[in-house]
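Asker: Mind having a look at this structure? Questions to follow.
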Amino acid sequence: MPHNLSQYLNKQATQTLIKENESFNFTCAEKCWGTCCIKENVNLLQLSVYDVYKLLNKRTDISINSLIDIKIDEKTNLPKAFIKWKENGWCPNLADDGTCMVYDERPFACRIFPLSGEFMINDETKNVTVNYKLREDFCYGFHKEAHPEEQTLKTFSDSNDENFEKLEISKREEWVKKYNLEKLTNQQFLNLSQAMYCLKEKITGKRDNFFDYYSKMLKIPQRSKRLEIFTPAELTKIALEEFAPRMLEKFGAHRA
Ligand code: SF4
Ligand code: SF4
Numbered sequence: 000m001p002h003n004l005s006q007y008l009n010k011q012a013t014q015t016l017i018k019e020n021e022s023f024n025f026t027c028a029e030k031c032w033g034t035c036c037i038k039e040n041v042n043l044l045q046l047s048v049y050d051v052y053k054l055l056n057k058r059t060d061i062s063i064n065s066l067i068d069i070k071i072d073e074k075t076n077l078p079k080a081f082i083k084w085k086e087n088g089w090c091p092n093l094a095d096d097g098t099c100m101v102y103d104e105r106p107f108a109c110r111i112f113p114l115s116g117e118f119m120i121n122d123e124t125k126n127v128t129v130n131y132k133l134r135e136d137f138c139y140g141f142h143k144e145a146h147p148e149e150q151t152l153k154t155f156s157d158s159n160d161e162n163f164e165k166l167e168i169s170k171r172e173e174w175v176k177k178y179n180l181e182k183l184t185n186q187q188f189l190n191l192s193q194a195m196y197c198l199k200e201k202i203t204g205k206r207d208n209f210f211d212y213y214s215k216m217l218k219i220p221q222r223s224k225r226l227e228i229f230t231p232a233e234l235t236k237i238a239l240e241e242f243a244p245r246m247l248e249k250f251g252a253h254r255a
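To convert, note that position 124 of the sequence shown is 123 in numbering that gives the first Met the number 0; the numbers rise steadily by one, no gaps.
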């Protein structure tokens, strides 16, 4: 592997809670040979519905199966999406020159690096809040050679991405409480994944039948708007709030 900055990697770096008004010194190097973008150092890189949608729109050059891994959450039976590491352990979006091919649209987890977010749900109000933790002295970006600059939490958390993470988490929690999910068949699981991750048009190559497909299956009125009229954010919201819950009902998931 050509990266020469791994000497700065500190996997034992401690994580400390960081508050909104606190600052820390860090600058992400323009090229760091993906020290934070390889399986060995990250293991699982989870993607929200919004992340998946942004990635699929950006990486039209490779197949969805080379980009995203969908696994069933053992506890809930709901699909979760992850970056699919390449055989050499690199992220499929990491270019040979050590840069990220989707930098402007990179997933939330990458956007907040070297922070990590812990999402908490208030049982009474149902509000989702985030605790951010800082992996201090984790990588090159903290060292004097990288000329670290003073940063605040705001620099790292993008409110739009954060809102969609919160939406997905609150919906999952709601579904888990509402349904006793039975083991889904492969086809049901595929349909639910497609609804949650807006994959249909990527799999079939047809960009205009997303709503028709689900409307027919769920026996709900067809939408007049074509797929490309929706923004990724709108589409994600519809997938989470409208189609995925109806899929769960359709699959015969029982109310608890
Ligand atoms: S976060 Fe750290 S390891 Fe990752 S590219 Fe930036 S400086 Fe390098
Ligand atoms: S999407 Fe970009 S920033 Fe995120 S792990 Fe892949 S190469 Fe790194």
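The C-beta atom is built at its ideal place from N, Cα and C for all residues, glycine as well.
(1) Hey, would you say the C-beta of residue 138 is under 6 Å away from at least one heavy atom of ligand 2?
(2) With hydrogens ignored, establish whether the beta-carbon of residue 105 is closer than 6 Å to any heavy atom of ligand 2.
(3) Going by Cα to Cα distance, which pick from 174, 40, 86, 54 is closest to residue 107?
(4) Does the contact criterion of 3 or more C-beta pairs under 8 Å hold for the stretch 171-184 versus the stretch 145-156?
(5) In this structure, does DSSP put residue 92 in helix, strand or coil?
(6) Tell me whether residue 10 sits in a helix, a strand or coil according to DSSP, three-state version.
(7) For residue 175, I'd like the list of residues in its chain whose CB is within less than 6 Å of its CB, leaving aside the five on either flank, ordered along the chain.
(8) Beta-carbon within less than 6 Å of residue 197's beta-carbon, same chain only, minus the 5 sequence neighbours each way: which residues are those?
(9) Rounded to the nearest angstrom, what separates residue 139 and residue 146 at their Cα positions?
(10) Please report the residue range of the beta strand (DSSP E) in which residue 148 lies.
(11) From this set, 232, 21, 34, which residue's C-alpha is nearest residue 89's C-alpha?
(12) Kindly indicate which three-state DSSP category residue 169 falls into: helix, strand or coil?
(13) Going straight from the alpha carbon of residue 126 to that of residue 44, what length do you get?
Answerer: Well, looking at it:
(1) No.
(2) Under cutoff, so the answer is yes.
(3) Measuring C-alpha to C-alpha distances from residue 107 to each of 174, 40, 86, 54 identifies 54 as the nearest.
(4) Not touching, per the Cβ criterion.
(5) Note: residue 92 maps to coil in three-state DSSP.
(6) Coil.
(7) Contacts found: 75.
(8) Correct list, in chain order: 52, 234, 238.
(9) About 10 Å.
(10) Unbroken beta strand (DSSP E) run through residue 148: 148-151.
(11) Ranking 232, 21, 34 by Cα distance to residue 89 puts 34 first.
(12) Correct three-state label for residue 169: helix.
(13) Approximately 24 Å, taken between the alpha carbons.
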